[in-house]
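Okay, structure first, notes after.
Protein chains: 2
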Amino acid sequence: MNYPNGRKGKGQPSIRTGQKKNDFANRGMTLENDINETNHFYLETNHAVVHKKPTPVQIVQVDYPKRSAAVIKEAYFKQASTTDYNGLYKGKYIDFEAKETRNVSSLPLANIHEHQVEHMRKVLQHGGICFFIIRFSKQEDTYYLPAEFFIQFWDQQFQGGRKSMPITFIKDHGHSIPFTFQARVDYIKIIDKLYF
Amino acid sequence: MNYPNGRKGKGQPSIRTGQKKNDFANRGMTLENDINETNHFYLETNHAVVHKKPTPVQIVQVDYPKRSAAVIKEAYFKQASTTDYNGLYKGKYIDFEAKETRNVSSLPLANIHEHQVEHMRKVLQHGGICFFIIRFSKQEDTYYLPAEFFIQFWDQQFQGGRKSMPITFIKDHGHSIPFTFQARVDYIKIIDKLYF
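Chains as they are written, first to last, in the UniProt record's numbering: chain G, 1 to 196; chain D, 1 to 196.
Here's what the structure looks like:
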């Protein structure tokens, strides 16, 4: 039996749930793409060395077909134990997480994990530069929020504080990130202003 | 149809090539495990914040079964574009790659990729601490080799130099890493000696 992708099918083909697959592919895609392009630009121009970490995956089963690449046949998404991005700028360790929301007035804390915040605390303790990049995609506004302020707000939610961070808090404690043609999320500009 | 793992089978079960799977599971396992435990110890004792990056995987197909976790059904290993480990120690960015060999007298350069070396060059340029951890597993000797020396040797292979790094070169330019009960690959000791 032959499938359109040119490979032989074995037994019953698994069902591709197109809709859901798309959801996965697009999740946070715009901000992530912009940051990846920005990091690529920083790398090419020798400004900074910053990479996105690969998505953590628990691999359960791998097939090794003859004369072709190993195929992972069963794997699961794992929760990240750190932030998504880290690297090096002017000798300093930098570390950040990117979050995009379609809300217009606040960022829900629900999709940020406790151990990511713990990681950020440690980075600050050890003298790293740590922050969030937050995009409100409807307004297309992107902010740099130092982790210090994020953590302060985060901790308050356990003492009856809000579960959602208002855009006013982000504007008050953060910095609008300029969009430029080459560096679409030019966060290094903010780091320069704050630390150098 | 029920399989030993308790899940229902669909169609023809894929063949698990036990031998090869084992090879994969064990590849570099000892050194990697030791480094992971060491990093865990550094993290717990608040010495340093260093993590292994997840294995980079190209995800092709994901199933979203009702009432259970998303299952990755088709994915491929990608070549890493950076080193495997990075993090933060006393405010400094650190970055390294771990290699284990069963050879007794040299480390073959074949399983180190050009773009990993390029990454290391950039880390050095930007003021990071960059090195290799190399283990000769038969002797159970583990060395810290500063990336500067590795790169020097690496570049020579393209001018008729050796494709394999002799253990004598590693001993001359590197540092034996002590094995302690809690920090099985106590590389921070070497960093302290070299940089602080």
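Just so it is clear, CB atoms sit at the ideal spot from N, CA and C, and this is done for glycine as well.
Nothing here was measured: the structure is a model prediction, and the numbers come from that model.
Report the three-state DSSP secondary structure of Q156(G) (helix, strand or coil). Q156(G): helix per DSSP, three-state reduction.
Note down, one range per segment and in chain order, each beta strand (DSSP E) of at least 3 residues found wholly within the stretch 55-137 of chain D. 57-63, 71-77, 85-89, 92-101, 106-108, 129-136, all fully within the stretch 55-137 of chain D.
Of the residues that make up the stretch 160-184 of chain G, which ones have a beta carbon closer than 7 Å to any beta carbon in chain D? Nothing from the stretch 160-184 of chain G brings a Cβ to less than 7 Å from some Cβ of chain D.
In angstroms, rounded to a whole number, what distance separates the CA positions of D186(D) and T38(D)? C-alpha of D186(D) to C-alpha of T38(D): approximately 7 Å in a straight line.
Bridge partners for T142(D) per DSSP, in chain order? Answer by DSSP bridge pairing, in chain order: R135(D).
Counting contacts by CB-CB distance shorter than 8 Å, is residue 209(G) in contact with chain D? A query on residue 209(G) cannot be resolved here, the shown segment of chain G reaching from 1 to 196 and no further.
For H175(D) and E97(D), what's the separation of their Cα atoms in angstroms? Each residue's CA atom was taken as its position, placing H175(D) and E97(D) some 15 Å apart.
Tell me the rounded alpha-carbon separation between A183(D) and K52(D). Per the coordinates, the alpha-carbon of A183(D) lies some 16 Å from the alpha-carbon of K52(D).
Quick one: any contact between the stretch 50-68 of chain D and the stretch 46-65 of chain G, if contact means 3 or more CB pairs under 8 Å? Contact between the stretch 50-68 of chain D and the stretch 46-65 of chain G is present: 3 or more CB-CB pairs across the two stretches fall below 8 Å.
Can you name the start and end residues of the alpha helix (DSSP H) that H173(G) belongs to? It spans 167-173 - the alpha helix (DSSP H) in which H173(G) sits, taken as one unbroken run.
Just checking my contact of S81(G) with H47(G) at CB under 8 Å: how many whole Å lie between their CB atoms? With a Cβ gap of about 28 Å, S81(G) and H47(G) do not count as contacting.
First and last residue of the uninterrupted beta strand (DSSP E) at K52(G): Segment 49-52, the beta strand (DSSP E) holding K52(G).
When the Cα of D95(D) is compared with those of F136(D), D192(D), P146(D), I72(D), which residue comes out closest? The option with the nearest alpha carbon to D95(D) is P146(D).
Separation of N86(D) from F179(D), as counted between CA atoms: Per the coordinates, the alpha-carbon of F179(D) lies some 21 Å from the alpha-carbon of N86(D).
Kindly indicate if chain D contains any beta-carbon less than 8 Å away from that of E100(G). Output row for E100(G): interface = no.
R135(G): buried (16+ other C-beta within 10 angstroms of its C-beta) or exposed? Counting the other CB atoms within 10 Å of its CB gives R135(G) a total of 16 or more, which places it among the buried residues.
Do Y143(G) and I72(D) come within 8 Å of each other at the CB atom, strictly closer than that value? Contact annotation: I72(D) and Y143(G) have beta-carbon atoms that are not nearer than 8 Å.
Quick check on the burial criterion: 16 or more other C-beta atoms within 10 angstroms. Buried or exposed for V104(D)? That one is exposed.
In chain G, which residues lie less than 8 Å from Y76(D) when you measure between Cβ atoms? Simply A69, A70, V71, I72.
Can you list, in chain order, the residues of its chain with a C-beta nearer than 7 Å to that of P167(D)? Leave out the 5 residues immediately preceding and following it. According to the sequence displayed, residue 167(D) carries Ile and not Pro. If we look at I167(D) and ignore the five residues flanking it on each side, its Cβ neighbours are S105, S106, F136.
Is the beta carbon of I151(D) sitting closer than 8 Å to the one on V123(D)? No, these two residues do not count as a Cβ contact at 8 Å.
Taking 8 Å as the limit between beta carbons, can you name the residues of its chain near H173(D), skipping five residues before and five after? Annotation for H173(D): L145, P146, F149 place their beta carbon closer than 8 Å to its own, counting only its chain and skipping 5 residues before and after.
Any C-beta of chain D within less than 7 Å: which residues of the stretch 105-118 of chain G qualify? Cβ contacts with chain D come from no residue of the stretch 105-118 of chain G.
Along chain D, in chain order, which residues have C-beta atoms closer than 7 Å to that of N86(G)? Taking a Cβ-Cβ threshold of 7 Å, the residues of chain D close to N86(G) are N86, in chain order.
Close-in-space but distant-in-sequence residues of the same chain around G193(D) (CB under 8 Å, 5 per side omitted): Looking at the sequence provided, one finds Lys at residue 193(D) rather than Gly. Spatial neighbours of K193(D) in its own chain (CB-CB distance under 8 Å, excluding positions within 5 residues in sequence) are listed in chain order as H175.
Output yes if chain G places a C-beta closer than 8 Å to the C-beta of V57(D); else output no. Answer yes: the Cβ-Cβ gap between V57(D) and chain G drops below 8 Å somewhere.
Could you run through the stretch 39-58 of chain D and flag, in chain order, every residue whose CB is less than 8 Å away from some CB of chain G? So the close ones are L43, N46, A48, V49, H51, K53, P54, T55, P56, V57.
Along chain D, in chain order, which residues have C-beta atoms closer than 8 Å to that of S81(G)? The contacting residues are H51.
Would the beta-carbon of L88(G) fall within 8 Å of that of K163(G)? Not closer than 8 Å, so no.
Report yes if the CB atom of I35(G) is closer than 8 Å to the CB atom of I190(G), and no otherwise. I190(G) is positioned such that its CB atom lies no closer than 8 Å to that of I35(G).
Between which two residues does the alpha helix (DSSP H) holding I191(G) run? For I191(G), the enclosing alpha helix (DSSP H) has its first and last residue at 187-195.
How is the alpha helix (DSSP H) around N46(D) delimited, first residue to last? Bounds of any alpha helix (DSSP H) do not take in N46(D), whose DSSP letter is neither H nor E.
Judging by CA-CA distance, which residue of A70(G), T45(G), D155(G), T83(G) is the nearest neighbour of C130(G)? Distance check between C130(G) and each of A70(G), T45(G), D155(G), T83(G) places T83(G) closest, using alpha-carbon atoms only.
Candidates R102(D), G161(D), Q125(D): closest to L31(D) by CA position: Considering only alpha carbons, the answer is R102(D).
Hey, how far is the Cα of R121(D) from the Cα of K99(D)? Looking at the two C-alpha atoms, the distance is approximately 18 Å.
When burial is assigned at 16 or more other CB atoms within 10 Å of the CB, is I188(G) buried or exposed? Under this definition I188(G) is a buried residue.
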